[in-house]
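Q: In order, the protein sequence lines correspond to chains A and B.
Quick note on our numbering: the first sequence kicks off at 1 and runs consecutively.
Quick note on our numbering: the second sequence kicks off at 1001 and runs consecutively.
Just so you know, even glycine gets a beta-carbon here, dropped at the ideal spot from N, CA and C.
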Amino acid sequence: MSAEVLLFYVVGALLLLSAGAMIRSNDPVHAALWMVGNFLLTAVLYLVLQAPFIAAVQVIVYAGAIMVLFLFVVMLLGAQPMTRSEPIAGHRATAVFGLVALVALLSVAVARAPAAGRMPPPLTGDFGSPEAIGQALFTDWVLPFEWVSLMLLVALIGAVMIARFGSQSEDPEETSG
Amino acid sequence: MNAVPLGHWLLLTTALFGVGAAGVLLRRNVMIVLMSVELMLNAVNIALVAAARAHGQIEGQLFVFFSLTVAAAEVAVGLALVVAIWRSLGRTDVDDVSVMHG
């Protein structure tokens, strides 16, 4: 068994465990820390998949920027009591049934897919290197790249507007409800 | 056996997506719901990179690059909404946001 296979099973199991611990934690700070662990393990899987550039971006953007954003908001909101209410009768049972059905359906579909048994081909040259990604990004995919920059600008302005002015037009319906 | 077939990667990401969906459906705290959405996005990203590796094509990694950007924008707007909700209601459970409830 090669190092690649070993890493896949060990890191994959840890990935699922950290995800489970994240959705089970009662403290948002703990959940955020489990999420960091999950994102770092994902970066390891990207390295196994010969995607060093994506792994670096994953650590910088997810484990760095998004994480800090989450922790800032958690700290801003402070500790709030965690309710485990069930506003709709039978909501939990229905959700669990739907989840099991979804995962079972997806697993069967994946296992029966023609490409499921496909083994990774031998690596050619600089697959996944920053040079190869940059080459593709700035030739064939330059238009989506520009659109994405526009989308980030829109999201930036939208986030500032919502967080800054979103609650100033307080109508009585909102505050009493 | 010295490599992992694509199907095993896809099964792993399916399980991870299921855990994220469970977080969205079963938790009521809006921060944990948002984190679970990130988990689901992450699962799809791993599937894309695994497909890129199995087919030897770089485009899958580029899709992940774009999807990371969309995720960053989604988190920024989502957390701004959480802050706005907290300012007007003082609480951030998803059940509290029921102004448009019929």
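Mind checking which residues open and close the alpha helix (DSSP H) that includes V1022 (chain B)?
A: Taking the first residue of the second sequence as position 1, residue 1022 (chain B) is located at position 22. For the record, residue 1022 (chain B) in the displayed sequence is Ala; it is not Val. Per DSSP, A1022 (chain B) belongs to the alpha helix (DSSP H) from 1006-1026.
Q: Leaving out five residues on either side along the sequence, give the residues of the same chain with a beta carbon under 6 angstroms from the beta carbon of L1030 (chain B).
A: Within the second sequence, residue 1030 (chain B) is the residue found at index 30, counting from 1. The identity of residue 1030 (chain B) in the sequence shown is Val, whereas the question assumes Leu. Answer for V1030 (chain B): V1082, T1092, V1094, listed in chain order.
Q: Where V1024 (chain B) and L69 (chain A) are concerned, what is the direct C-alpha to C-alpha distance, given to the nearest angstrom?
A: Residue mapping note: residue 1024 (chain B) aligns to position 24 of the second sequence, counting from 1. Residue mapping note: residue 69 (chain A) aligns to position 69 of the first sequence, counting from 1. Going by the C-alpha atoms only, they are around 19 angstroms apart.
Q: Suppose you measure from the CA of F200 (chain A) to the CA of G1090 (chain B); what does that come to, to the nearest Å?
A: Because chain A here runs from 1 to 177, residue 200 (chain A) falls outside it and cannot be looked at.
Q: What are the boundary residues of the alpha helix (DSSP H) that includes V66 (chain A)?
A: Working through the first sequence from its first residue, we reach residue 66 (chain A) at position 66. The identity of residue 66 (chain A) in the sequence shown is Ile, whereas the question assumes Val. That residue, I66 (chain A), is in no alpha helix (DSSP H); it is neither H nor E in DSSP.
Q: Given that a residue counts as buried once 16 or more other Cβ atoms are within 10 Å of its Cβ, and exposed if not, what is S176 (chain A)?
A: As a working mapping, residue 176 (chain A) is identified with position 176 in the first sequence. Note on S176 (chain A): pLDDT 44, under 50, position unreliable in the model; no value is reported.
Q: Taking Y62 (chain A) as the reference, give the member of B:G1056, B:E1059, B:N1045 with the closest Cα.
A: Counting from 1 along the first sequence, the entry for residue 62 (chain A) is found at position 62. When only C-alpha atoms are compared, the closest one is B:N1045.
Q: Run through chain B and tell me which residues come within less than 8 angstroms of M75 (chain A), C-beta to C-beta.
A: Position 75 of the first sequence holds residue 75 (chain A). Chain B residues near M75 (chain A): none, gap ~11 angstroms exceeds 8 angstroms.
Q: Should T124 (chain A) be flagged as near chain B, meaning a C-beta pair shorter than 8 angstroms?
A: The residue given as residue 124 (chain A) occupies position 124 in the first sequence. Chain B contact via Cβ: present.
Q: Do A31 (chain A) and M1040 (chain B) have their CB atoms nearer than 8 angstroms?
A: As a working note, residue 31 (chain A) is residue 31 in the first sequence. As a working note, residue 1040 (chain B) is residue 40 in the second sequence. No, Cβ-Cβ distance for A31 (chain A) and M1040 (chain B) is not below 8 angstroms.
Q: Exposed or buried, which one is I66 (chain A) when buried takes at least 16 other CB atoms within 10 Å?
A: Numbered from 1 along the first sequence, position 66 holds the residue referred to as residue 66 (chain A). The residue in question, I66 (chain A), is buried, as its Cβ has 16 or more Cβ neighbours within 10 Å.
Q: Could you check whether P120 (chain A) and A1053 (chain B) sit closer than 8 angstroms to each other, using their CB atoms as the reference points?
A: Counting from 1 along the second sequence, the entry for residue 1053 (chain B) is found at position 53. Counting from 1 along the first sequence, the entry for residue 120 (chain A) is found at position 120. The question names Ala, but residue 1053 (chain B) in the sequence shown is Arg. Yes, these two residues count as a Cβ contact at 8 angstroms.
Q: Where does N242 (chain A) fall in DSSP's three states?
A: Within the shown structure, residues of chain A are numbered from 1 to 177, placing residue 242 (chain A) beyond reach of any answer.
Q: Whole angstroms is fine: what's the gap from M151 (chain A)'s alpha carbon to A1073 (chain B)'s?
A: Along the first sequence, one-based indexing puts residue 151 (chain A) at 151. Along the second sequence, one-based indexing puts residue 1073 (chain B) at 73. One Cα belongs to M151 (chain A), the other to A1073 (chain B), and the distance between them is close to 8 angstroms.
Q: Since S1036 (chain B) is in the alpha helix (DSSP H), which residue starts that stretch and which ends it?
A: By one-based count along the second sequence, residue 1036 (chain B) stands at place 36. Per DSSP, the unbroken alpha helix (DSSP H) holding S1036 (chain B) starts and ends at 1030-1055.
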